[in-house]
Structures are given as structure tokens and as C-alpha cells.
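Sequence lines, in order, name chains A and B. Taken in order, the first sequence gives residues 18 to 466; the numbers are from our numbering. Taken in order, the second sequence gives residues 488 to 896; the numbers are from our numbering. C-beta atoms are modelled at their ideal positions from N, C-alpha and C, and glycine is treated no differently.
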Amino acid sequence: MTESARPRKRIILGAFLSGVNHHTVWSAPEAGSQIAFSSFEHLARTAERGKFDFFFLAEGLALRERSGRVFDQDVVGRPDTLPVLAALAAVTEHLGLVGTLNTTFNEPYELARQLGSLDHLSGGRAGWNVVTSFDAFTGQNFRRGGYLHRDDRYVRADEFLAATHRLWDAWGEEAIVADKESGRFLRRPEDGTELGAFSFQGDQFDISGHFTTPRPPQGRPVILQAGVSPGGRDFAVRRSDAIFSPYRHLDEAQEFYRDIQRRAALAGRAPGEVKILPSASFVLGDTEADAVERHRHIARQQVTGQTAQILLEAVWNRDLSGYDPDGPLPDIDPDPEGPPVIQGRARLHQDAHQTVAEWRALAEAHDYSLRELALHVFGRTDFVGTPRQVADLIDAFVQNDGSDGFILGSHLTPTGLDEFVDRVVPLLQERGALRTEYTGTTLRDNLGL
Amino acid sequence: MPPSAPSSPTPSSYPLHLAVALDGAGWHPAAWREPGARPDELFTARYWADLVTTAESGLLDFVTIEDSFSLQSARLDGPDGRTDRVRGRLDAVLVASRIAPLTRHIGLVPTATTTHTEPFHVAKAIATLDHVSGGRAGWRVQASRPAENPHFGRRPVGHVQYTDDSPEARAFIEEHFAEAGDFVEVARRLWDSWEDDAEIRDAATERFIDRARLHTVDFDGRWFRVRGPGIVPRPPQGQPLVTLLGHGSVPYRLGARSADIVYATPHDADQARAVVAEIRAAQEEAGRGEERLHVFGDVVVLLGETRAAAQARAARLAERAGEPFTSDAPIFVGTASELADTLLEWRSAGLTGYRLRPAVLPDDLEAVVGALVPELRRRGVFRGTYAPESLRARLGLPRPANRYATTAR
């Protein structure tokens with residue numbers, strides 16, 4: 018790897034609980050509940066033991082469906098994000114608590130209060146991964162659901178964030194005096210406005226009044242965003258502290274990294290002010306051959322025949338349940354314009370015809386069955402090897418500016434991270450790529466923001 | 488207690504239920520200036536953890552946590568701009584969630600508003616609190632004041648007040664509580680939208696859930712349509728506790744139809760009798776005559792070792808506040824023994840429990856735990872230990888059958 022003169026970057030690590038997705042191997046004997054608080058507590062304590070920066074929860078506001086029937090082949094059901102994060106604040110001290118929360122199915126006043134409250138209740142450890150949905154299927158669960166046009170999604174998200182910032186600022190920094198002697202509880206803002214007063218007018222929101230929650234300890238919770246399209250990237254560099262990147266190949270990742278840094282600079286952000294964090298998974302072994310074999314075994318549990326059909330259906334947008342997973346790829350064309358077969362999870366926005374053509378070529382070249390193709394495309398794990406190999410891979414990716422760190426998940430809930438913390442973390446700490454002690458108290462402190 | 492137990496408990500046959508209503512520094516506007524008050528910690532987890540563990544040390548049934556989308560105010564139509572009183576709150580559901588891992592027995596009943604929020608979000612939050620606390624969650628249902636409308640910008644700014652007696656105000660109240668009723672109905676359906684045994688983890692058939700045991704709720708009403716199913720498996724209690732405070736027929740009817748506990752504010756035994764009779768009649772009318780529905784009295788408590796000491800505290804607080812203390816609920820000033828007398832007298836009028844509102848925190852909470860509870864135990868009407876049971880079970884409420892469950896599979 019290329020060593021530059023600059024000091025080694027400290028790797029940022031987040032941990033997420035693998036719940037509702039095909040990566041979670043629920044059939045393993047040691048697989049635990051994805052609902053019980055003890056699972057969340059175990060994983061969060063493990064992450065804190067490994068001096069991770071934060072714990073991360075994804076969002077799903079409707080059960081996924083396939084041709085109108087609820088998924089039953091992988092994990093279904095999850096607890097509500099904010100109460101779980103608040104409860105985790107009681108059993109951790111330093112770990113950031115980041116939730117994915119939707120700007121379409123929430124209102125700024127309520128969500129700003131909840132995130133501000135989480136920040137108070139955790140002593141400044143709250144983070145928000147901002148997502149915006151225009152999914153009418155999920156919208157059926159909400160009184161104001163499903164109305165957002167796709168083109169308006171960044172308008173909505175941008176206004177939502179601007180409004181929440183205004184709400185978080187509605188109480189001054191030192192608003193609470195609480196002086197029993199003088200009888201003064203509150204200090205009015207210097208500018209003579211009323212305490213908590215706010216107002217925001219835009220295309221999406223026209224709100225005003227008084228906010229009820231004091232300024233969060235971090236000023237504002239840490240903001241994460243996923244943005245890939247040019248519009249998404251510009252939005253993310255303007256509004257977020259960290260970007261959830263989809264790129265795991267070093268060359269693509271470096272290109273994305275450079276592009277984000279360039280856009281961030283144009284948006285007036287200081288170098289290093291916008292962190293880039295892909296999600297990643299790992300499989301460890303005592304030897305490389307062990308790890309490869311273990312990975313092969315796990316991947317086949319993740320991508321069962323039925324799961325392979327469903328993963329391909331997301332692109333074909335056709336019911337493929339009649340196609341033998343061990344047979345060739347479906348010979349029919351995809352139907353991207355048809356009514357959706359898979360509902361309630363993020364749509365893949367690539368060109369379906371082109372993707373299918375690429376997959377056909379791949380299947381032909383390697384003589385892949387339907388399931389083998391799905392294993393090739395969806396069964397990949399980012400880091401497979403001995404603890405030292407995995408430490409090397411992670412460190413090299415970060416030091417070569419593929420990212421600033423990773424959000425790590427494992428196939429096993431809730432104990433999958435244990436061996437990473439026991440075996441990989443010490444190696445990264447040894448070379449100074451990972452902290453050995455927490456030095457601050459807030460999530461912003463953890464991230465160096 | 489069997490599910491078919493009679494709905495109107497008699498004083499001798501049931502234990503007394505005691506809850507405490509937590510809010511800021513206490514319910515007296517000058518409470519925060521008392522020597523034991525911790526006004527600079529009101530927005531910290533430590534403060535709330537201390538209060539709830541104190542309540543748990545007194546073996547209380549549950550705590551409620553106040554909340555609102557508007558600042559506390561001496562006025563009904565908006566903020567009063569005062570800087571000499573406690574203003575501001577944290578989200579009550581998250582406070583309760585933060586405390587859940589630190590406690591083992593006490594029920595946690597946060598306030599959540601039904602007016603501007605999504606039933607889907609509130610239902611999954613309370614369900615999750617139930618999972619996190621191992622079956623100790625409840626919900627204090629509350630409708631918004633009109634002054635909160637501009638905070639959301641989706642309803643016209645209203646000018647009527649709950650306290651008006653105009654036709655407009657009455658229509659407004661009817662409407663808000665009708666919406667709250669629909670809201671509770673959706674939440675209850677969502678809690679049942681997963682049958683208890685929906686998660687089967689059957690590796691042989693590659694099925695994680697039995698999808699026949701998940702149900703859409705398909706609610707279609709005036710304020711919202713909600714399809715479901717929910718995303719959270721059925722809570723440990725089946726249905727977390729639903730509670731609401733009422734000051735008149737409209738909320739009483741909603742409580743009689745939809746709640747497990749109605750908090751009311753009678754000021755004497757006769758009023759208690761009348762309120763209980765009205766709620767029991769509404770309960771019959773709603774077809775719930777055979778179900779247990781609790782009617783708790785809300786009482787503000789300001790205690791002292793002697794009556795004179797309590798009165799001296801009251802006087803000091805009133806002087807600090809610069810005005811007499813008023814409340815929607817009766818204000819009790821006296822000793823724990825005198826309070827026990829009053830509580831038992833009103834209980835004979837049909838109340839099944841109380842939600843005590845400490846005038847000063849932690850002082851009056853400590854007095855409830857340290858003096859009132861021992862006094863009630865001496866009289867044989869309060870528990871001496873927590874049984875390992877859910878909040879519903881503690882209140883004699885059965886774990887409800889799932890409305891969607893079918894016996895035939």
C-alpha cells in the first residue's frame with residue numbers, strides 16, 4: 018500500500034444490528050432474537066468494548082411483501098428505533114446512537130424533539146441518518162403517507178433539516194439558569210425574542226410557534242446521509258457530517274471520496290468535515306482457507322434458493338418463484354414498468370435491462386445457476402480472512418482514502434461482532450489505527466467533529 | 488383474577504393501586520426553588536432515573552411522565568413568556584425508554600399526543616417500550632391544545648379553548664377526542680397485528696414467520712387510513728396499558744370505550760361517587776361491562792410530618808410563587824396518615840387507585856414512598872413486595888386475546 022507523509026487516519030467504526038435483511042442467518046443454532054433488548058444491549062456493549070464510534074439502526078416502516086404476501090423467508094419485524102436507542106443510552110457510556118429516520122413520514126417539530134431528547138438523555142450521543150421516501154406502499158401506514166413526488170425528495174429533506182436546525186437553535190445555548198435564590202429559571206434570548214420561538218416557511222413546511230426542548234448538548238445531533246446521485250451528493254455535503262457510501266471497491270470508493278471532498282470544499286466545508294462510511298461485513302478464520310470455507314458456508318445460508326429468486330425479482334420485477342434456483346437464469350425479460358413485485362424495501366434504480374444483460378453474460382461465462390449468480394452478486398462479504406488479513410484490508414482501504422471507516426454488520430445476531438472486537442480490534446489498535454480509550458463524551462467528540 | 492371478574496371492585500377485595508405523576512420539578516410552580524430540588528438537572532437522564540428508582544423503592548404500580556407539544560404556561564392559549572418557572576420538557580416516551588433498563592418492576596406510562604402524530608409511530612414506540620421493559624409499558628393518551636397547531640402547520644390555528652363552554656369549543660373537544668378514539672383503536676389493532684406465535688423460525692420449511700399469523704389492520708377513518716401490519720411483534724403484555732385523564736363526559740366516554748384506566752379529578756367522596764357512576768354507565772353502554780376498567784383519582788400531594796409542617800411548606804411555596812396554588816385536581820396538604828384516610832374514604836366511593844401528583848420533587852415523592860406507603864401497608868391495603876408480573880397483571884387486567892387470532896390453522 019502507498020504510504021503518504023501524512024499521519025495515519027484513525028478509522029471510524031460503527032456497528033449495526035443485522036435484522037431485517039437476507040444477510041442475517043436466523044437458522045443458525047446460536048442466532049438470537051432481533052427484538053429482545055438483550056440482543057441490542059449485547060451488541061452495543063460489544064461495540065463499546067471495541068471502542069467503536071457509534072451504534073447504528075436502519076429503518077423499515079412496512080413489512081416487505083412479495084407479490085402481495087409478507088416475506089417469510091428471512092427476518093421479519095423490528096423494534097422502534099428511537100426507544101431502543103434511548104434504552105441503549107442506559108447501558109453504554111460513550112457509544113454514539115444513530116437512528117435512520119424518515120423525513121417523509123415524520124414532522125420536523127416532533128422529530129426534532131425526539132432527537133433533541135435522545136441527545137439530552139444520552140449526554141450528547143445522538144445521530145440521525147436522514148432518509149427520504151417516496152414509497153406509496155409504505156405510505157399506506159401513515160396519515161400523510163405516500164404523497165411525496167420522487168423529484169421533491171431532496172426539497173423535502175432539505176427543508177426538513179433546515180427546520181429541525183431552527184428548532185434545535187430555538188433555545189439559546191445558556192437558556193437554563195435555574196437560580197433558586199433569584200427565582201430565575203430561564204434566560205431570554207439576547208435578541209429579545211421569546212424563549213423557544215421559531216418560524217420556518219418553505220414549499221413543504223409552514224410552521225411557527227415555540228419549541229419545548231432545550232438546545233441539544235451537541236448543538237445538533239450528528240447528521241448522516243446516503244447520497245449517490247449528483248443531487249444527493251450536493252445535498253449530503255451541504256447538510257451532513259457523514260455520508261453512508263455504497264462503494265466497496267477501492268477504485269470506485271476513492272473516486273467517490275475525491276468527488277465528495279471536492280463538492281464539500283465548494284460548499285464551504287473544511288477538509289475532513291464530511292466523513293465517508295460504507296457499510297461492510299466480515300468473516301474471520303484461523304487461516305485464510307478456514308475463512309474462505311466459513312464464508313462459503315455462511316453465504317449459502319444467506320442466499321437460499323428462495324432468497325436467490327427474491328433477490329433477482331427485485332431487478333426482474335417479475336414473479337420468479339417458478340424458476341428452479343439450481344437451473345439457468347430466467348429466460349424472460351425484466352418488466353421494470355410493471356406493478357412492483359417486491360414492496361417495502363429500497364428499490365434498485367439501475368437499468369433493469371442492462372443489469373439482466375450483464376448477469377446473463379456473467380452466468381454464461383461461469384456457468385452459474387440462478388442461485389450461484391445471486392451468491393456471486395449478493396453473497397459477497399467485504400472482508401474475508403484471518404484477523405490480521407482483515408485488519409490489513411480495513412486499514413489499507415481507509416489509509417488509501419477509500420473511506421474514513423466502516424459501519425460493520427455481521428451475519429449473526431447478536432454475537433457476530435464479538436470475534437471482531439476480540440481479534441481484529443487489538444490489531445488495529447496496535448498500529449494506531451483505532452483508539453484504545455475514548456477521549457471525549459459526545460458522538461461529535463468520537464468522530465472528531 | 489379471571490377475566491370475567493366483576494368490573495366494579497369493592498374496597499375490601501382489591502389492593503389499592505398507587506401511581507405517581509412525574510413532571511419537571513413537581514406540580515407546584517415554585518417547586519424548583521425548594522432546597523432539595525434539582526432544577527439544573529431536569530433535562531438529564533440521571534434526574535429521571537433517580538425519581539423512578541425512588542418510586543420503585545416504594546413498590547408503586549407505575550409512574551406517568553407528562554408531555555406536550557407546547558410549553559408549560561399559566562395561560563391556555565399559548566406560552567406565557569414567564570422566566571421564573573420551569574419550562575420545557577423532553578420526549579416522555581424516550582425518557583421512559585431510557586429508564587426501563589435501570590428498573591425491574593415499576594410500570595412506565597409516558598404521555599403521547601394523538602393530535603399531530605402518526606398512530607403507526609406511537610403504536611410501535613409503546614410496543615417497543617413494552618419489549619424493552621419486559622411488559623411494563625403503558626401510554627397516557629393526550630389530545631393537543633389548539634395552540635399547538637402552528638407547530639405542525641397542517642390544521643388551522645384554532646382559537647377555542649377546552650375551558651370555553653361555547654358550542655364551538657364543545658365541537659372542538661368532541662372532535663379531538665373522537666380522533667383520539669380512532670388513534671387508540673389503530674394502536675390496539677397494530678399491537679394485535681402480529682399473533683404471539685407468528686415468529687416460528689422453522690428452518691425445515693425456510694420460514695422465519697408464519698405469514699398467516701400476521702394481519703393487516705385496514706383502518707379507514709376520518710383522520711387517517713392505516714394498513715398495517717405493524718413492524719413490531721406483539722408486545723409482551725399483548726396490549727400495553729392505555730390510560731387517559733378526563734375532566735368531563737367526552738373523555739370519560741372515550742376512556743370507558745377504549746382505556747384500561749381513567750384518571751379523574753373528584754374533589755370529595757360525593758364527586759368521586761358521581762364520576763365513577765358516570766364512567767361505569769358509559770362502560771356498560773360501550774359493551775365493556777364485564778371488563779375491568781380502573782378509575783383512579785388524581786390528587787396533588789404536599790406532605791409534612793405534621794399538618795402544621797405541611798401547611799408551612801405550602802405557605803412557603805405560595806409565597807415564592809407569588810400566588811395561591813391552583814390545580815384541576817384536588818390539592819392535599821397534610822400528613823401521610825391523613826392522606827391515607829382520604830384515599831381510603833374516596834376509595835369507598837368507588838375509586839380503584841390514585842395517581843398522586845407530587846407538589847415538589849423529590850420531596851413529596853420521598854414522602855409518598857417513605858411515609859404514605861408504610862402507612863397504607865400498616866392498614867393492610869398495599870403490597871409488601873412486587874410480584875414478578877406484568878403491569879397489566881399487577882392491575883388485575885388479563886392478557887387480552889388477540890382480536891385477529893383464529894383457532895383453526
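Distance between beta carbons of residue j and residue i, contact taken as under 8 Å
i      : j      : result
D136/A : Q235/A : 6 Å
R27/A  : A450/A : 7 Å
D89/A  : R694/B : 5 Å
L852/B : L538/B : 6 Å
G837/B : V763/B : 3 Å
L878/B : L728/B : 6 Å
H592/B : E543/B : 6 Å
Listed by chain order, chain A residues near residue i by CB distance under 9 Å
i      : result
S544/B : Under the 9 Å cutoff, chain A gives no residues; its nearest Cβ is about 18 Å from S544/B.
I718/B : V37, G77, L78, A79, L80, V93, G94, R95, P96, D97 and N158
H603/B : E124, Y126 and E127
R688/B : W43, S44 and A48
Beta carbon of residue i nearer than 9 Å to that of residue j
i      : j      : result
T541/B : V856/B : yes
T155/A : A79/A  : yes
L517/A : Y126/A : Coverage of chain A is limited to positions 18 through 466, which leaves residue 517/A absent and any answer about it impossible.
L387/A : A316/A : no
I293/A : A331/A : no
P723/B : S680/B : no
V320/A : A391/A : yes
G725/B : P849/B : no
A308/A : I411/A : no
D352/A : R335/A : yes
G133/A : A106/A : no
G116/A : F54/A  : no
Within-9 Å CB hit, residue i to chain B
i      : result
E454/A : no
N123/A : yes
I315/A : no
L460/A : no
F73/A  : no
M18/A  : Note that M18/A scores a pLDDT of 47, beneath 50, so its modelled location is shaky and nothing firm can be said.
G140/A : yes
Opening and closing residue of the alpha helix (DSSP H) in which residue i lies
i      : result
N146/A : Taken as a continuous stretch (DSSP letters only), N146/A belongs to no alpha helix (DSSP H), being part of the beta strand (DSSP E) at A143 to V148.
P100/A : T98 to L105
Start-to-end residues for the beta strand (DSSP E) that takes in residue i
i      : result
R627/B : G625 to Q629
A518/B : First-last for A518/B: undefined, no H or E at that position.
Chain A contact residues for residue i, given Cβ-Cβ distances below 7 Å
i      : result
E693/B : Q90, T321 and Q323
S584/B : P100, A103 and A104
P861/B : Simply none; closest approach about 30 Å.
F639/B : E124, Y126 and I224
F918/B : Outside the shown range of chain B, which is 488 to 896, sits residue 918/B, and nothing can be said about it.
L616/B : P100
Contacts of residue i in chain B (Cβ-Cβ under 8 Å)
i      : result
Q157/A : R712, V713 and R714
V87/A  : I696, R698, L701 and P716
R205/A : T570
Residue i at chain A interface by Cβ criterion, 9 Å
i      : result
R896/B : At R896/B the pLDDT is 47, less than 50, meaning the model places this residue with poor confidence; the figure from the coordinates comes in the next sentence. Not an interface residue.
S557/B : yes
I552/B : no
F549/B : no
D527/B : yes
D684/B : no
L577/B : yes
I696/B : yes
V782/B : no
G668/B : no
R807/B : yes
Contact list for residue i against chain B, beta-carbon separation under 9 Å
i      : result
A107/A : A532, A536, S584, R585, I586, A587, P588 and L589
Listed by chain order, chain A residues near residue i by CB distance under 8 Å
i      : result
A612/B : D97, L99 and P100
W519/B : A195, K197 and F202
T793/B : What T793/B touches in chain A: nothing, since even the nearest Cβ is about 25 Å away.
Residue-chain proximity (residue i, chain E), Cβ-Cβ < 9 Å
i      : result
G402/A : In the structure shown, chain E does not exist; the protein chains are A and B.
Under 7 Å from the C-beta of residue i: neighbouring residues of chain B
i      : result
L114/A : Ordered by position in chain B, no residue passes the 7 Å Cβ test against L114/A, which lies about 11 Å from the chain.
G131/A : A quick correction: the sequence has Gln, not Gly, at residue 131/A. Ordered by position in chain B, the residues that pass the 7 Å Cβ test against Q131/A are D578 and L581.
G213/A : L558
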